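Numbering (our numbering), first residue to last: 3 to 306.
Every residue gets a Cβ at the ideal spot worked out from N, C-alpha and C, and that includes glycine.
These figures come from a predicted structure and were not determined experimentally.
Okay, structure coming up:
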């Protein structure tokens, strides 16, 4: 055998000895998913359950503001995000205008609560009163049957689902008088000790120690809600939609995680955690478990 033949034989043998890249599938590999403040807890919970079910699948969840996450998706710095609202028509149009694919999936709903101090003798608020408070024309709880305590509204960041739900109900607000808070936890910290605080709050109520939920005034109809925002009845019109958005459609861990989340089992998990399950489109993929058993999830429309 001549030297050239020996050389190429060695090259082929050495090439075969190189480490192969690890196989990526719906249940093997890793995914990084950005989640907004309100959506972080449920996203992390489902991610933990998915990783427990499929130990070779690692789903890392990181937190940022809703608008920052959408911007990251637009600028292709993130591939998968979970935010606490649907993307606006202008945001969706931006993707199309820049030849970027966009796939969005509603995964859960949760109410936006109006919270006040436990000691405040006010139990209900109507749309006129809320609008006056946000615009700064109502400044004391005495106007609503409470003590003569100054009202201090605490609002989430513009672009967050909680604020969008309020704005959408009123069809927009020209100007707002409120303390803007970067997260719900920050809002709770800033409002602590303020007897006149009014919080526009998007986390679970068991995390809202020292505050109580205001009821929506019975028979309230003076400012009509946009019909699309009424999930249950006009008794409580403020709901937000947790939305999974991605610019990729791959056969990877992120796709497996998403399909698990919108499956019947995933939506039951959403309910057990105290959220309202979403209505989702049909999507089917195959998930390969550790014992090589193939499971198929036929995703059907799920309603509460």
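When rounded, the separation of the alpha-carbon atoms in residue 149 and residue 201 is 18 Å.
At a Cβ-Cβ threshold of 9 Å, residue 56 and residue 258 count as neighbours. The C-beta distance from residue 250 to residue 81 rounds to 5 Å, short enough to meet the 8 Å contact threshold.
Around the C-beta of residue 254, 16 or more other C-beta atoms lie within 10 Å, and the residue is accordingly described as buried. When DSSP states are grouped into helix, strand and coil, residue 161 belongs to the coil group.
Beta-carbon to beta-carbon, residue 59 and residue 34 are separated by about 13 Å, too far to satisfy the 8 Å threshold. Under the three-pair Cβ rule at 8 Å, the segment 63 to 72 does not count as touching the segment 129 to 138. Judged by beta-carbon spacing, residue 143 lies within the 9 Å limit of residue 122, meaning their Cβ atoms are closer than that value. Under the criterion of beta carbons closer than 8 Å, residue 115 and residue 215 qualify as touching, at roughly 5 Å. Judged by their CB atoms, residue 217 and residue 120 are not nearer to each other than the 9 Å cut-off.
Residue pairing by DSSP places residue 202 opposite 116 in a beta bridge. The straight-line gap separating the alpha-carbon atoms of residue 212 and residue 103 is approximately 45 Å. From the listed residues 174, 128, 77, 45, the smallest Cα separation to residue 262 is found for 45. Minimum Cα-Cα distance from residue 66 among the listed residues 151, 92, 161, 109 corresponds to 161.
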